[in-house]
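Student:
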Amino acid sequence: MPHMIERLSLRVRIFLFFALIAASVVLFLGIGLWMAAQRIEGNAAPHLVLFGGMAGFGLIGVVLWTWQMFDINLARPILSVARDLQTLMHANPQHSVDRKAARYLGLLGPVAAEIANAFATARADVAKEVDAATRSLDEQRRQLEAILRELNEGVIVCNASHRILLYNRRALQILGVTDEMGLGRPVFSVLNQQPFILTLDRLTSRYLEGRHKSHPEYLMTNLVFAKTDGSLILEGRMNLIVDEADTSISGYVLTFADVTEELKGLNASDRLMRSPLEELRHPVSSL
0 MPHMIERLSL RVRIFLFFAL IAASVVLFLG IGLWMAAQRI EGNAAPHLVL
50 FGGMAGFGLI GVVLWTWQMF DINLARPILS VARDLQTLMH ANPQHSVDRK
100 AARYLGLLGP VAAEIANAFA TARADVAKEV DAATRSLDEQ RRQLEAILRE
150 LNEGVIVCNA SHRILLYNRR ALQILGVTDE MGLGRPVFSV LNQQPFILTL
200 DRLTSRYLEG RHKSHPEYLM TNLVFAKTDG SLILEGRMNL IVDEADTSIS
250 GYVLTFADVT EELKGLNASD RLMRSPLEEL RHPVSSL
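Under numbering that gives the first Met the number 0, the letters of the sequence shown match residues 0 to 286, in that order.
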């Protein structure tokens, strides 16, 4: 029963309250007239019914008039203020509370208007701050992109799930890829996975154990990796991105260069040095 009453609107609940008063007036007036008729000698019932009925209709009329005044000056203004606040919060931040409708609600109308004005001001301030922060981030992003474009090394920024957040044009040139380097795609679609997992685990352990504070490379380390198809050997550095507030790993920055040709040159030099040694091995063995 209480839950059913709570689901009713304010106006209906006030009407039911006054309907209960009107029914009580009729009931108690009828009981009083019946008890009076029992004690009065003679045929007084018609007079009691006449005057009691007139009194009953008068009382019911007063109750209905009082209910109407409550509905006009209390229930409807309260609902109007509630609708104004809902509109202000969910639809139009510049919407204002109708003080005229709430003129009989005492301090409720002015206080609601003050709350509405404070909320609108706060929303405007937040919107300005968000707009300023967005402009600042856009400017920083443009500056970062300009810096990345001038770098001779490839740069890839990934989140903790190894998904690409940012890369520069040089990275595309070094890797010789286009479609595989889309934002939000896993970096392992282009690069070999194992070196990244091992290096990230090592840096994460260094950070969580607090060794990075005294480490000469802080949260950075070298690594060598390759493309997934093995066509390129790359050398780079991984720099961990951390959130100092909750000590979580946000991602990492990878800078790299192509060392495939250098390694080929080193292998060729190694073969040239090995060839004379191999030729001398047999005579030395005979001696």
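Heads up, the beta-carbon is just placed ideally off N, CA and C, and yes, glycines get one too.
1) How many whole angstroms separate the CB atoms of residue 24 and residue 73, which I take to be in contact at a CB cut-off of 8 Å?
2) Around the C-beta of residue 77, are 16 or more other C-beta atoms found within 10 angstroms, so that it is buried, or is it exposed?
3) Looking at the secondary structure, which residues open and close the beta strand (DSSP E) in which residue 249 lies?
4) For residue 66, count the other beta carbons within 10 Å of its own beta carbon; 16 or more makes it buried, fewer makes it exposed. Which is it?
5) What does the Cβ neighbour count give for residue 209, buried or exposed, with the cut at 16 atoms within 10 Å?
6) Kindly give me the distance between the Cβ atoms of residue 108 and residue 117, rounded to whole angstroms, as I take these residues to be in contact under 8 Å.
7) Suppose the cutoff is 8 Å on Cβ atoms and the five residues either side in sequence are ignored; what does the same chain contact list for residue 241 look like?
8) Would you call the CB atoms of residue 10 and residue 70 closer than 8 Å?
9) Consult DSSP for residue 220 and reduce its assignment to one of helix, strand or coil.
10) Counting only runs that start and end within the stretch 174-231, where is the beta strand (DSSP E) found for 3 or more residues in a row?
11) Return helix, strand or coil for residue 98, following the three-state DSSP convention.
12) Hey, quick one: how far does the alpha helix (DSSP H) through residue 77 stretch, first residue to last?
13) I'd like the list of long-range same chain contacts for residue 253, defined as Cβ closer than 6 Å, with 5 residues on each side in sequence excluded.
14) Using only CA atoms, which one of 189, 255 and 99 lies nearest to residue 230?
15) Of the residues 244, 12, 192 and 223, which one's Cα is nearest the Cα of residue 289?
16) Go through its chain and collect everything with a Cβ distance to residue 158's Cβ below 8 Å, but skip five positions before and after it.
17) Apart from the five residues just before and just after residue 14, which ones in its own chain have a Cβ nearer than 8 Å to its Cβ?
18) Candidates 244, 96, 185 and 110: which alpha carbon is nearest residue 227's?
19) Would you mind sorting residue 178 into buried or exposed? The rule is 16 or more other CB atoms within 10 Å of its CB.
20) Name the residue from 29, 125, 161 and 139 whose alpha carbon lies nearest to the alpha carbon of residue 187.
21) Compare the beta carbon distance of residue 36 and residue 80 with 8 Å and say whether it is the shorter of the two.
22) Do residue 115 and residue 83 have their C-beta atoms closer together than 8 Å?
23) Please report how far the alpha carbon of residue 260 lies from the alpha carbon of residue 220, in whole angstroms.
24) Can you list, in chain order, the residues of its chain with a C-beta nearer than 7 Å to that of residue 192? Leave out the 5 residues immediately preceding and following it.
Tutor: So, to answer that:
1) The count along the sequence shown starts at 1 and reaches residue 24 at position 25. The count along the sequence shown starts at 1 and reaches residue 73 at position 74. Between residue 24 and residue 73 the beta-carbon gap is near 21 Å, outside 8 Å, which marks them as no contact.
2) The residue you call residue 77 lines up with position 78 of the sequence shown. Its Cβ being crowded by 16 or more others within 10 Å, residue 77 is buried.
3) On the sequence shown, residue 249 is found 250 positions in, with the first residue counted as 1. Run containing residue 249: 247-257, per the beta strand (DSSP E) assignment.
4) Along the sequence shown, read from residue 1 onward, the residue named residue 66 stands at position 67. Residue 66 is buried by the Cβ-count criterion.
5) As a first step, residue 209 is located in the sequence shown; it is residue number 210 there, counting from the start. Result: exposed.
6) What you label residue 108 is simply residue 109 of the sequence shown in a count that begins at 1. What you label residue 117 is simply residue 118 of the sequence shown in a count that begins at 1. That belief does not hold up - the Cβ atoms of residue 108 and residue 117 are roughly 15 Å apart, past 8 Å.
7) As a position in the sequence shown, residue 241 is number 242, starting the count at 1. The beta carbon of residue 241 is closer than 8 Å to those of 206, 218, 247, 248 and 249 in its chain, skipping five residues each way along the sequence.
8) Position 11 of the sequence shown, counted from the start, is the residue given in the question as residue 10. Position 71 of the sequence shown, counted from the start, is the residue given in the question as residue 70. Result yes, Cβ atoms of residue 10 and residue 70 sit closer than 8 Å.
9) The residue you call residue 220 lines up with position 221 of the sequence shown. Residue 220 sits in a strand when the DSSP states are folded into three classes.
10) Listed in chain order, they are 219-225.
11) Residue numbering aside, residue 98 sits at position 99 when the sequence shown is read from its first letter. In this structure, residue 98 counts as coil in the three-state DSSP scheme.
12) The residue labelled residue 77 in the question sits at position 78 within the sequence shown. Where residue 77 is concerned, the enclosing alpha helix (DSSP H) starts and stops at 75-89.
13) Within the sequence shown, the letter at position 254 stands for residue 253. Contacts found: 155, 235 and 237.
14) For this step, residue 230 is matched to residue 231 along the sequence shown. Nearest C-alpha to residue 230: 189.
15) Lying outside 0 to 286, the shown extent of the chain, residue 289 is not represented and no answer is given.
16) Taking the sequence shown and counting its residues from 1, the one referred to as residue 158 is at position 159. Shown here for residue 158: same chain residues with a beta carbon closer than 8 Å to its own, the five before and five after excluded, namely 164, 249 and 250 in chain order.
17) The residue given as residue 14 occupies position 15 in the sequence shown. For residue 14, where only same-chain residues beyond five positions count, the Cβ hits under 8 Å are 66 and 70.
18) Within the sequence shown, the letter at position 228 stands for residue 227. Checking every option, the nearest Cα to that of residue 227 belongs to 185.
19) In the sequence shown, counting from the first residue as 1, residue 178 sits at position 179. It counts as exposed.
20) Locating residue 187 in the sequence shown gives position 188, where the first residue counts as 1. Residue 161 is the option with its Cα nearest to residue 187.
21) For this step, residue 36 is matched to residue 37 along the sequence shown. For this step, residue 80 is matched to residue 81 along the sequence shown. No. Outside cutoff.
22) Taking the sequence shown and counting its residues from 1, the one referred to as residue 115 is at position 116. Taking the sequence shown and counting its residues from 1, the one referred to as residue 83 is at position 84. When the beta-carbon positions are compared, residue 115 and residue 83 come within less than 8 Å of each other.
23) Taking the first residue of the sequence shown as position 1, residue 260 is located at position 261. Taking the first residue of the sequence shown as position 1, residue 220 is located at position 221. So the two alpha carbons sit approximately 23 Å from each other.
24) Along the sequence shown, read from residue 1 onward, the residue named residue 192 stands at position 193. There are no such residues.
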